[in-house]
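Trainee: Position 406 of the sequence shown, counting from 1, maps to 401 under this note's numbering, and the rest follow consecutively. From the three backbone atoms N, C-alpha and C, an ideal C-beta is built for every residue, glycine too. Nothing here was measured: the structure is a model prediction, and the numbers come from that model. First the structure, then my questions, so here it is.
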Amino acid sequence: MKVTLFGTGYVGLVTGTCLAEVGNHVLCVDVDAAKIHGLKEGRIPIYEPGLEDMVLANQRAGRLDFTTDPAAAVAHADILFIAVGTPPDEDGSADLRHVLAVARTIGEHLQRPALVVTKSTVPVGTADRVRAEVAAALASRGVVVAFEVASNPEFLKEGDAVKDCMRPDRIIIGTESVEAVNKLKALYAPFNRNHERIVAMDLRSAELTKYAANAMLATKISFMNEMANLAERLGADIEKVRLGIGSDPRIGFSFIYPGAGYGGSCFPKDVQALERTAKQNGFDAHILSAVEAVNHRQKRKLHQLLIQHFGDLRGKTIGLWGLAFKPNTDDMREAPSRALMEALWADGAQVRAFDPEAMHEARRIFGERDDLLLCNEPYEVLEGADALVLITEWKTFWSPDFSRIKAELREPVIFDGRNVYDPQQVEAAGLAYYGIGRGRSLQNGGAS
-4 MKVTLFGTGY VGLVTGTCLA EVGNHVLCVD VDAAKIHGLK EGRIPIYEPG LEDMVLANQR
56 AGRLDFTTDP AAAVAHADIL FIAVGTPPDE DGSADLRHVL AVARTIGEHL QRPALVVTKS
116 TVPVGTADRV RAEVAAALAS RGVVVAFEVA SNPEFLKEGD AVKDCMRPDR IIIGTESVEA
176 VNKLKALYAP FNRNHERIVA MDLRSAELTK YAANAMLATK ISFMNEMANL AERLGADIEK
236 VRLGIGSDPR IGFSFIYPGA GYGGSCFPKD VQALERTAKQ NGFDAHILSA VEAVNHRQKR
296 KLHQLLIQHF GDLRGKTIGL WGLAFKPNTD DMREAPSRAL MEALWADGAQ VRAFDPEAMH
356 EARRIFGERD DLLLCNEPYE VLEGADALVL ITEWKTFWSP DFSRIKAELR EPVIFDGRNV
416 YDPQQVEAAG LAYYGIGRGR SLQNGGAS
């Protein structure tokens, strides 16, 4: 099948590449000429495990191409995906300018019947607005071309996006058109052979499903962070609590890891957008408000622990392991590391940091500054540092040489923002240990 995707970010590039991988002819279009030029030359603008090899292989096979020409993109296919970004607006609601601009572009160039599919995460009712924009652009041309609109939200986890796309848990199709359902079932047939993964529903239910899924996962994270903060005060160990509740199959172990707060391109903006949608419809979503508030507070947790240990941070140098909001990505959007660094700089501290993939992104965001040194490898972070903070749980940080850490730090102390390390093992190596909700930080005068 011939498919066009508008947008070459995480969603558009991964989806387009995976559709090409199973034999479709895919054309990805973007307004960013530099990005398209780079993709044509084999430069992948994001880090995602397995993506680069798949992009290059499908380019060589002639199944995947890139363009900045919207007319060519619309003419290429009968199925047109909108996969552009929906960043938060000033009030936290989703900014639909890019989505609606693509819809107008489609209407300006559409010559034959097509199925327009929203893949971007969009508020309930967006498909109706997309339909109206396409129709208005067609009317302004004085032409009549039949088209259908469907919602097909993505459920890709950064760091696992290729795997999620190739082996989806579910494929949501929202539309009132039987023909549209059949077209998308045919497109997704290679991903649906093992067992039935397609769930067909109406447009608005499909749009809400995506927001509800992300809000539920964010709720689990914030709930666990709330319990971690309570565990500290009660002298309990949240890691033991996690094992106890996760063993219940009704709860499970996914997304109940306490830490420094969630970040990335999805959870923060989607929780905000769903909360704003509720308010716009006369409903106060108290749980969503609490999830967001708890997450903002949790992003300050590591800074609070540093203050608890050192008191005044002025003149201190803090080493950071990890910058990306999670492992296996270079994405630093809404990352807890950013909140921590900004707080440290405000206190007059300096930062030394290393991340396996996000160094270039950190340079792009922060530029050159005297109070930030981006190091070439993990142990370089320790040179001249007063403390080490683990903030992203990359596997390369899981089994460090604690003796070397103690020897190189000015003060032997680790702040474990993801509860990766065994406190007893760390303390046996002569290091003070602070974790999240480990129960001992408030009772033992600082050595958590």
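Exposed or buried, what is residue 512 when buried is set at 16 or more other beta-carbons lying within 10 Å of its beta-carbon?
Mentor: Residue 512 lies beyond the stretch modelled for the chain, which goes from -4 to 443, so this question has no answer here.
Trainee: Can you name, in chain order, every residue of its own chain whose Cβ lies under 8 Å from the Cβ of residue 120, other than the five neighbours on each side?
Mentor: Numbered from its first residue, the sequence shown carries residue 120 at position 125. Excluding residues within five positions, the ones whose Cβ falls inside 8 Å are 199, 202.
Trainee: Do residue 192 and residue 166 have their CB atoms nearer than 8 Å?
Mentor: Stepping through the sequence shown from its first residue, residue 192 is reached at position 197. Stepping through the sequence shown from its first residue, residue 166 is reached at position 171. Against a cut-off of 8 Å, the Cβ pair of residue 166 and residue 192 comes out as a contact.
Trainee: Please list, in chain order, all residues of the same chain as residue 229 whose beta carbon is under 8 Å from its beta carbon, the five residues on each side excluded.
Mentor: In the sequence shown, counting from the first residue as 1, residue 229 sits at position 234. Hits under 8 Å: 434.
Trainee: Do residue 385 and residue 317 come within 8 Å of each other at the CB atom, strictly closer than that value?
Mentor: Residue 317 sits at position 322 when you count from the first residue of the sequence shown. Residue 385 sits at position 390 when you count from the first residue of the sequence shown. In this structure, residue 385 lies closer than 8 Å to residue 317 by Cβ.
Trainee: Keeping to the same chain, check which residues put their C-beta closer than 8 Å to that of residue 334; ignore five residues upstream and five downstream.
Mentor: In the sequence shown, counting from the first residue as 1, residue 334 sits at position 339. Closer than 8 Å at Cβ, skipping near neighbours: 256, 294, 295, 298.
Trainee: Can you give me the Cβ contacts of residue 178 inside the same chain, cut-off strictly under 6 Å, excluding the 5 residues immediately before and after it?
Mentor: Translated into the one-based positions of the sequence shown, residue 178 becomes position 183. Cβ neighbours of residue 178 beyond the five flanking positions: 110.
Trainee: Tell me which residue opens and which closes the beta strand (DSSP E) that residue 62 is part of.
Mentor: On the sequence shown, position 67 is the one that residue 62 refers to. That run of the beta strand (DSSP E) goes 59 to 62.
Trainee: What's the call for residue 399, buried or exposed, on a 16-neighbour Cβ count within 10 Å?
Mentor: Taking the first residue of the sequence shown as position 1, residue 399 is located at position 404. It is exposed - the Cβ of residue 399 has fewer than 16 other Cβ atoms within 10 Å.
Trainee: Out of 396, 414, 361, 346, which has the shortest C-alpha to C-alpha gap to residue 382?
Mentor: Here residue 382 corresponds to residue number 387 of the sequence shown, with the count starting at 1. Cα-wise, what sits closest to residue 382 is 346.
Trainee: How many angstroms separate the CA atom of residue 145 from the CA atom of residue 348?
Mentor: Residue 145 sits at position 150 when you count from the first residue of the sequence shown. Residue 348 sits at position 353 when you count from the first residue of the sequence shown. When rounded, the distance between both Cα atoms is 44 Å.
Trainee: Report back the beta-carbon spacing between residue 418 and residue 391 to the nearest angstrom; my notes put them in contact at under 8 Å.
Mentor: One-based indexing of the sequence shown puts residue 418 at position 423. One-based indexing of the sequence shown puts residue 391 at position 396. At roughly 21 Å, the Cβ-Cβ gap does not stay under 8 Å, so residue 418 and residue 391 are not in contact.
Trainee: Looking only at C-alpha atoms, which of 50, 133, 90, 389 sits nearest to residue 108?
Mentor: Translated into positions along the sequence shown, residue 108 becomes position 113. Closest option to residue 108, judged by alpha-carbon separation, among 50, 133, 90, 389: 133.
Trainee: Residue range of the alpha helix (DSSP H) that residue 13 falls in?
Mentor: Counting from one through the sequence shown, the residue named residue 13 turns up at place 18. From DSSP, the alpha helix (DSSP H) with residue 13 extends over 5 to 16.
Trainee: Please report the straight-line C-alpha distance between residue 34 and residue 227, rounded to a whole angstrom.
Mentor: To locate residue 34, count along the sequence shown from 1; it is residue 39. To locate residue 227, count along the sequence shown from 1; it is residue 232. Their backbone Cα atoms lie some 49 Å apart in a straight line.
Trainee: Got a sec? Which residues, its chain only, sit under 7 Å from residue 187 by beta carbon, not counting five neighbours each side?
Mentor: Sequence index remark: in the sequence shown, residue 187 carries index 192 (1-based). Excluding residues within five positions, the ones whose Cβ falls inside 7 Å are 166, 193.
Trainee: Which residues does DSSP pair with residue 314 in a beta bridge?
Mentor: In the sequence shown, residue 314 corresponds to position 319, counting from 1. Residue pairing from DSSP places residue 314 in a beta bridge opposite 347, 383.
Trainee: Leaving out the 5 sequence neighbours to the left and right, which residues in its chain are closer than 8 Å to residue 51 when beta-carbon positions are compared?
Mentor: Locating residue 51 in the sequence shown gives position 56, where the first residue counts as 1. Contacts found: 37.
Trainee: Among 158, 336, 7, 164, which residue has its Cα nearest to the Cα of residue 80?
Mentor: As a first step, residue 80 is located in the sequence shown; it is residue number 85 there, counting from the start. Among 158, 336, 7, 164, the Cα nearest to that of residue 80 belongs to 7.
Trainee: Tell me the DSSP secondary structure of residue 166 in three-state form.
Mentor: Start at 1 with the first residue of the sequence shown, and residue 166 comes out as number 171. Residue 166 falls in the strand class under three-state DSSP.
Trainee: Report yes if the CB atom of residue 426 is closer than 8 Å to the CB atom of residue 407, and no otherwise.
Mentor: For this step, residue 426 is matched to residue 431 along the sequence shown. For this step, residue 407 is matched to residue 412 along the sequence shown. Yes, the Cβ-Cβ distance between residue 426 and residue 407 is below 8 Å.
Trainee: Would you report the Cα separation of residue 330 and residue 321, rounded to the nearest angstrom?
Mentor: The residue given as residue 330 occupies position 335 in the sequence shown. The residue given as residue 321 occupies position 326 in the sequence shown. If you take the alpha carbons of residue 330 and residue 321, they lie about 8 Å apart.
Trainee: Can you name the start and end residues of the alpha helix (DSSP H) that residue 397 belongs to?
Mentor: Translated into positions along the sequence shown, residue 397 becomes position 402. Segment 397 to 403, the alpha helix (DSSP H) holding residue 397.
Trainee: With H, G and I counted as helix, E and B as strand and the rest as coil, what does DSSP make of residue -4?
Mentor: By 1-based counting over the sequence shown, the position of residue -4 is 1. Reduced to three states, the DSSP call for residue -4 is coil.
Trainee: With DSSP collapsed to three states, give me the class of residue 123.
Mentor: Stepping through the sequence shown from its first residue, residue 123 is reached at position 128. Three-state result, residue 123: helix.
Trainee: For residue 40, I'd like the list of residues in its chain whose CB is within less than 6 Å of its CB, leaving aside the five on either flank, ordered along the chain.
Mentor: As a first step, residue 40 must be located in the sequence shown, where it is residue number 45. Result list for residue 40: 30, in chain order.
Trainee: Can you have a look at residue 438 and say buried or exposed, based on whether 16 or more other CB atoms are within 10 angstroms of its CB?
Mentor: Here residue 438 refers to the residue found at position 443 of the sequence shown. Per-residue confidence for residue 438 stands at a pLDDT of 38, beneath the threshold of 50, marking its modelled position as unreliable; no derived number is given.
Trainee: Touch check for the region 249 to 265 and the region 211 to 222: three-plus C-beta pairs under 8 Å?
Mentor: By the criterion of at least three beta-carbon pairs nearer than 8 Å, the region 249 to 265 is in contact with the region 211 to 222.
Trainee: Pick out whichever of 26, 42, 314, 396 has its Cα sitting closest to the Cα of residue 93.
Mentor: Looking up residue 93 in the sequence shown gives position 98. Checked all of 26, 42, 314, 396; the closest Cα to residue 93 is 26.
Trainee: Give the straight-line distance between the Cα atoms of residue 160 and residue 13, rounded to the nearest whole angstrom.
Mentor: Residue 160 sits at position 165 when you count from the first residue of the sequence shown. Residue 13 sits at position 18 when you count from the first residue of the sequence shown. So the alpha carbons of these two residues sit roughly 7 Å apart.
Trainee: In three-state DSSP terms, what is residue 369?
Mentor: To locate residue 369, count along the sequence shown from 1; it is residue 374. It is a strand residue.
Trainee: If you pair each beta-carbon of the region 303 to 310 with each one of the region 124 to 144, do three or more pairs fall below 8 Å?
Mentor: no
Trainee: In its own chain, which residues sit with a C-beta less than 8 Å from the C-beta of residue 64, not counting the 5 before and 5 after it?
Mentor: Here residue 64 refers to the residue found at position 69 of the sequence shown. Correct list, in chain order: 24.
Trainee: Work out the CA separation of residue 355 and residue -4 for me, nearest whole Å.
Mentor: Taking the sequence shown and counting its residues from 1, one reaches residue -4 at position 1. Taking the sequence shown and counting its residues from 1, one reaches residue 355 at position 360. The alpha-carbon atoms of residue -4 and residue 355 are separated by roughly 37 Å.
Trainee: Between which two residues does the beta strand (DSSP E) holding residue 113 run?
Mentor: As a working mapping, residue 113 is identified with position 118 in the sequence shown. Annotation: the continuous beta strand (DSSP E) that includes residue 113 extends over 109 to 113.
Trainee: Look at the Cβ atom of residue 300, then the Cβ atom of residue 429, and state whether they are nearer than 8 Å.
Mentor: On the sequence shown, residue 300 is found 305 positions in, with the first residue counted as 1. On the sequence shown, residue 429 is found 434 positions in, with the first residue counted as 1. The answer is yes: Cβ separation under 8 Å.
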